[in-house]
Amino acid sequence: MKIVFAGSSEFGIPALKKLKEKHQLLLIISQPDRPAGRNQRIKPCPIARFAREQGWELYQPENINSPESVDKISKLYPELLVTASYASLIKKELRQIPTFGAINLHPSLLPKYRGPTPIQTALLNGDHKTGTTIFRLTSRLDAGPILAQRELVILPEDNYGSLKEKLANISAELLIEIIPAIKDNSLTERPQDENLASYTHKFSKKDLWINWDNKIKNIFNQIRAFSPSPGARTSIHNTNLKILQAEIYDSSKNDKPGTIAGFIKNKGILVNCQDGQLLITRIQAEGKKVMSAWAFQLGARLSAGESFVPFNQIFMENSFREEL
Numbered sequence: 003m004k005i006v007f008a009g010s011s012e013f014g015i016p017a018l019k020k021l022k023e024k025h026q027l028l029l030i031i032s033q034p035d036r037p038a039g040r041n042q043r044i045k046p047c048p049i050a051r052f053a054r055e056q057g058w059e060l061y062q063p064e065n066i067n068s069p070e071s072v073d074k075i076s077k078l079y080p081e082l083l084v085t086a087s088y089a090s091l092i093k094k095e096l097r098q099i100p101t102f103g104a105i106n107l108h109p110s111l112l113p114k115y116r117g118p119t120p121i122q123t124a125l126l127n128g129d130h131k132t133g134t135t136i137f138r139l140t141s142r143l144d145a146g147p148i149l150a151q152r153e154l155v156i157l158p159e160d161n162y163g164s165l166k167e168k169l170a171n172i173s174a175e176l177l178i179e180i181i182p183a184i185k186d187n188s189l190t191e192r193p194q195d196e197n198l199a200s201y202t203h204k205f206s207k208k209d210l211w212i213n214w215d216n217k218i219k220n221i222f223n224q225i226r227a228f229s230p231s232p233g234a235r236t237s238i239h240n241t242n243l244k245i246l247q248a249e250i251y252d253s254s255k256n257d258k259p260g261t262i263a264g265f266i267k268n269k270g271i272l273v274n275c276q277d278g279q280l281l282i283t284r285i286q287a288e289g290k291k292v293m294s295a296w297a298f299q300l301g302a303r304l305s306a307g308e309s310f311v312p313f314n315q316i317f318m319e320n321s322f323r324e325e326l
């Protein structure tokens, strides 16, 4: 099938690879290069970077729905438009160009978790199951009829990075499986149940900071949801830290939340939460490389009884309005 692909994040790369292998990939569309990072250097999004590395034709319009974009895509006579985390609305004129319309890959079991952060939200909520949905694009956000779904069990050791990779791979596999049925019109579409719809939102920097007064499971899930990037945050000894991995160690013991309860040799740092102790195992100090929490505490000379900076103090000293 002749396909145009639109995407921006790493989530779409496995699907892009599969489409290139199995079908005629006419064009790859991604967002324009933007300023990123502390130095605000102009950088391509992951899809654009990957396409350039492969030497594939890339198109980066400021507005995919502009007359110029519509004209360019129309002249290719595509049969299908596939999108995956493209981060822009695809309007009706563009959706109607391909013979078999436009479809999207979404990393949740729609109608649950519509919107931009379904993977992080599933982890934050402590869900045990998620999945991927391929649906037909309409004018409403993630609300089009479902073409196919596949479930995935969320393991206790999963974090945002591992879960995103798994969902990206099963989305790519499912896409390749259903394209023949799309072409011969043998795929049954089913409408989403609006009564079951839920929505996710973009996170701000405030969402990254750990409130040690919270329940231990909530803190554990927060660390998973933002690891390996951008990382759940805390601070001690005037040093900001990313907490990248932790374990629920003991739900029967606790002391003042945020205090260091002790250390486990060659493993990490025990921290008191509202209803138990969390074992921090991997950490990254600001401007430093990722290391074991045990190695960090040796260098930082932490002591039992010391406290991480309280969430309210962090909140008062910083502005967290900006989105991630």
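3 is the number of the first residue of the sequence shown in my numbering; add one for each residue after it. Positions of the beta carbon are idealized from the N, C-alpha and C atoms, including for glycine.
| query | result |
| --- | --- |
| contact_flag[the segment 121 to 130, the segment 143 to 154] where n(CB pairs < 8 Å) is 3 or more | no |
| With 16 other Cβ atoms within 10 Å as the buried cut-off, status of Gly278 | buried |
| Nearest-angstrom Cβ-Cβ length linking Pro100 and Glu196, presumed shorter than 8 Å | Not really, about 26 Å apart at Cβ, beyond 8 Å. |
| Gly117 versus Leu60: straight-line alpha-carbon distance, rounded | 26 Å |
| Beta strand (DSSP E) runs wholly inside the segment 117 to 195, at least 3 long, in chain order | 131 to 138, 148 to 155 |
| Alpha carbon of Ser231 to alpha carbon of Asn242, nearest angstrom | 15 Å |
| Contact check, Phe310 vs Trp211, beta carbons under 8 Å | no |
| The segment 26 to 34 touching the segment 77 to 91, judged by at least three CB pairs closer than 8 Å | yes |
| Three-state secondary structure assigned by DSSP to Ile316 | helix |
| Where Arg323 falls, given that 16 or more other Cβ within 10 Å makes a residue buried | Unreliable placement is indicated for Arg323, whose pLDDT of 48 sits below 50; no coordinate value is reported for it. |
| For Ile15 and Ile49, believed in contact at Cβ under 8 Å, the rounded distance | 7 Å |
| Nearest-angstrom Cα separation, counted from Gln276 out to Pro259 | 6 Å |
| Which of helix, strand or coil DSSP assigns to Lys114 | coil |
| Where the beta strand (DSSP E) containing Leu281 begins and where it ends | 278 to 287 |
| From Met293, Ala302, Lys185, residue whose alpha carbon lies closest to that of Ile238 | Ala302 |
| Simplified DSSP state of Glu59, which is helix, strand or coil | coil |
| Separation of Ile316 from Gly9, as counted between CA atoms | 36 Å |
| The beta strand (DSSP E) enclosing Pro16, as first and last residue numbers | Counting along the chain, Pro16 falls outside any beta strand (DSSP E), though it belongs to the alpha helix (DSSP H) covering 15 to 24. |
| Boundaries of the alpha helix (DSSP H) in which Arg97 is found, first to last residue | 94 to 97 |
| Of the listed residues Gly264, Ile225, Leu21, nearest to Ala174 (C-alpha basis) | Leu21 |
| Three-state class that DSSP yields for Pro100 in the structure shown | coil |
| Which residues DSSP lists as bridging Glu249, in chain order | Leu281 |
| Nearest neighbour of Lys19, chosen from Ile172, Gly128, Lys93 [CA to CA] | Ile172 |
| According to DSSP, residues forming a beta bridge with Ala297 | Note: Ala297 sits in no beta bridge, so no partner. |
| Rounded straight-line distance, which links the Cα of Gln247 to that of Tyr79 | 48 Å |
| Exposure of Arg352, with buried meaning 16 or more beta-carbon neighbours within 10 Å | Since the first and last residues shown for the chain are 3 and 326, residue 352 lies out of range. |
| Among Arg97, Arg43, Ala287, the one whose alpha carbon lies nearest that of Asn240 | Ala287 |
| DSSP state of Gly303 mapped onto helix, strand, coil | Here residue 303 is Arg; the residue named in the question, Gly, does not match the sequence. Of the three classes helix, strand and coil, the one that applies to Arg303 here is coil, per DSSP. |
| Contact set for Pro46: own chain, Cβ-Cβ below 6 Å, skip 5 residues either direction | Asp35 |
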